[in-house]
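Visitor:
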Ligand SMILES: Nc1ncnc2c1ncn2[C@@H]1O[C@H](COP(=O)(O)OP(=O)(O)OP(=O)(O)O)[C@@H](O)[C@H]1O
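In full-length UniProt numbering, the protein residues as written are 1 to 361.
(1) Can you name the residues that DSSP bridges to residue 110?
(2) What does DSSP give as the partner residue(s) for residue 312 in the beta ladder?
(3) What residues in its chain sit with their C-beta under 6 angstroms from that of residue 78, if we drop five residues either side in the sequence?
(4) Whole angstroms are fine: how far does the CA of residue 66 sit from the CA of residue 338?
(5) Can you tell me whether residue 241 is buried or exposed, with buried defined as 16 or more other CB within 10 angstroms of its CB?
(6) CB-CB under 6 angstroms to residue 96, same chain, minus the five flanking residues each way: which ones, in chain order?
(7) Hey, would you say the C-beta of residue 45 is under 7 angstroms away from at least one heavy atom of ligand 1?
(8) Here's the rule I'm using: 16 or more other beta-carbon atoms within 10 Å means buried, otherwise exposed. How should residue 367 be labelled?
(9) Name the residue from 26, 306 and 321 whose alpha carbon lies nearest to the alpha carbon of residue 430.
(10) Nearest-angstrom Cα distance between residue 341 and residue 209?
(11) Any residue with its C-beta under 6 angstroms from a non-hydrogen atom of ligand 1 counts. Can you list them all in chain order?
(12) What is the C-beta distance between residue 212 and residue 295, in whole angstroms, given that I count them as a contact (C-beta under 8 angstroms)?
(13) Might you give, ordered along the chain, the residues of its own chain that have their beta carbon closer than 7 angstroms to the beta carbon of residue 384, omitting 5 neighbours on each side?
(14) May I have a chain-ordered list of the beta strand (DSSP E) segments no shorter than 3 residues that lie completely inside the stretch 4-89?
(15) Just verifying my parser: in three-state terms, what is the DSSP assignment at residue 288?
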């Protein structure tokens with residue numbers, strides 16, 4: 001576990017976080033601009049000192065105010081990747097990668113990292129001739145080659161334009177899948193978090209609001225204020241149980257006895273997280289016949305929540321042991337006279353589930 005129990009006064013904002021993060025996979029730190037995300041990762045890496053509290057990675061105490069322990073950044077075994085790559089301009093890519101490596105590096109590690117980040121062809125080049133995405137790959141490689149026990153990434157995609165973001169994301173996914181190294185990943189993009197994270201900590205105005213496995217945090221009503229109506233969604237873990245190659249469709253089992261079709265051809269047995277946009281879910285009292293919609297699922301109406309729009313409500317639909325949210329108009333709610341606990345049918349358009357809504361796990 002990475003145990004964080006700290007406070008720090010930041011101007012008018014009091015940063016106050018008491019959380020445990022897993023020591024595997026990617027833990028996202030999410031929040032608005034100015035929430036305290038960077039201050040928190042700086043505390044983890046030893047670049048900022050908390051006023052009170054403790055930070056412990058496994059059985060190593062990195063900071064303890066009471067015991068006056070405060071390991072220096074280089075003693076903590078943490079690698080840093082910032083928004084901007086911060087490469088040394090006068091060193092080649094190879095020189096940058098070798099900077100900060102341990103005196104007795106793990107054999108084969110250099111080649112593994114170079115391969116993982118696709119840096120083979122860049123080794124002799126200099127930072128001035130690299131694209132933003134290439135520079136970030138070198139910065140990530142340099143951080144990994146210090147052989148850290150924890151990798152801290154502070155919005156590594158933030159300074160890149162959309163095509164570069166798309167180019168770098170698969171490398172980050174590979175890192176997340178292949179490295180046995182905990183990664184703390186700061187982001188204000190739920191799209192990025194969906195693709196990369198297993199765990200999520202949400203900070204608002206310095207205070208921790210949510211912390212837990214991605215699906216449970218995603219499902220929390222407390223996350224709603226961060227999502228516009230278009231962004232509201234449910235996250236379901238799912239296994240591919242059937243495919244129709246001729247139509248490039250795959251069926252994912254999302255809950256006990258419930259499966260949905262998506263318009264992507266995915267590997268059988270593959271494990272995915274699928275995001276279902278609440279605006280793409282509608283409800284019917286009776287099972288529709290002869291419909292073009294591929295996904296018609298029996299669900300139970302568990303709650304009717306107000307939204308920040310006077311025209312819409314959010315329906316919490318129990319699908320086996322999972323939850324799917326649907327946004328419908330108040331008009332439809334009144335006309336259908338839906339009752340809590342009632343069984344209805346949820347319709348989800350298969351074509352509404354794009355590649356960006358699927359993340360392999
Ligand atoms: N050393 C400091 N002294 C005073 N105020 C600070 C200090 N460091 C940060 N702050 C303030 O604390 C708040 C949190 O800053 P921080 O950079 O951690 O937020 P953030 O969530 O990373 O924001 P962004 O997403 O914009 O990078 C901000 O209001 C910032 O102005």
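Yeah, the Cβ is synthetic: ideal placement off N, Cα and C, and Gly gets one too. Keep in mind the model is a prediction, meaning the values are calculated, not measured.
Guide: On the basis of the data shown:
(1) Within the chain shown, residue 110 is the residue found at index 110, counting from 1. In DSSP, residue 110 forms no bridge with anything.
(2) What you label residue 312 is simply residue 312 of the chain shown in a count that begins at 1. According to DSSP, which records beta bridges pairwise, residue 312 is partnered with 329.
(3) Stepping through the chain shown from its first residue, residue 78 is reached at position 78. The residues are 45, 148, 150 and 152.
(4) Along the chain shown, one-based indexing puts residue 338 at 338. Along the chain shown, one-based indexing puts residue 66 at 66. A direct Cα-to-Cα measurement between residue 338 and residue 66 gives close to 57 angstroms.
(5) Residue 241 sits at position 241 when you count from the first residue of the chain shown. The residue in question, residue 241, is exposed, as its Cβ has fewer than 16 Cβ neighbours within 10 Å.
(6) In the chain shown, counting from the first residue as 1, residue 96 sits at position 96. Counting only Cβ-Cβ distances below 6 angstroms, and skipping sequence neighbours, we find 87, 88, 138 and 142.
(7) As a first step, residue 45 is located in the chain shown; it is residue number 45 there, counting from the start. Flag unset: Cβ of residue 45 not near ligand 1.
(8) Within the shown structure, residues of the chain are numbered from 1 to 361, placing residue 367 beyond reach of any answer.
(9) Because the chain here runs from 1 to 361, residue 430 falls outside it and cannot be looked at.
(10) To locate residue 341, count along the chain shown from 1; it is residue 341. To locate residue 209, count along the chain shown from 1; it is residue 209. Whole-angstrom Cα-Cα distance: 29 angstroms.
(11) Residues flagged by the Cβ proximity filter: 10, 11, 13, 31, 33, 34, 35, 36, 37, 38, 39 and 188.
(12) Within the chain shown, numbered from 1, the residue matching residue 212 stands at position 212. Within the chain shown, numbered from 1, the residue matching residue 295 stands at position 295. The C-beta distance from residue 212 to residue 295 rounds to 28 angstroms, too long to meet the 8 angstroms contact threshold.
(13) Limits of the chain in this structure are 1 at one end and 361 at the other, which puts residue 384 out of reach.
(14) Within the stretch 4-89, the complete beta strand (DSSP E) segments at least 3 residues long are 13-21, 26-30, 52-57, 60-64 and 78-81, listed from N- to C-terminus.
(15) Residue numbering aside, residue 288 sits at position 288 when the chain shown is read from its first letter. Residue 288 falls in the coil class under three-state DSSP.
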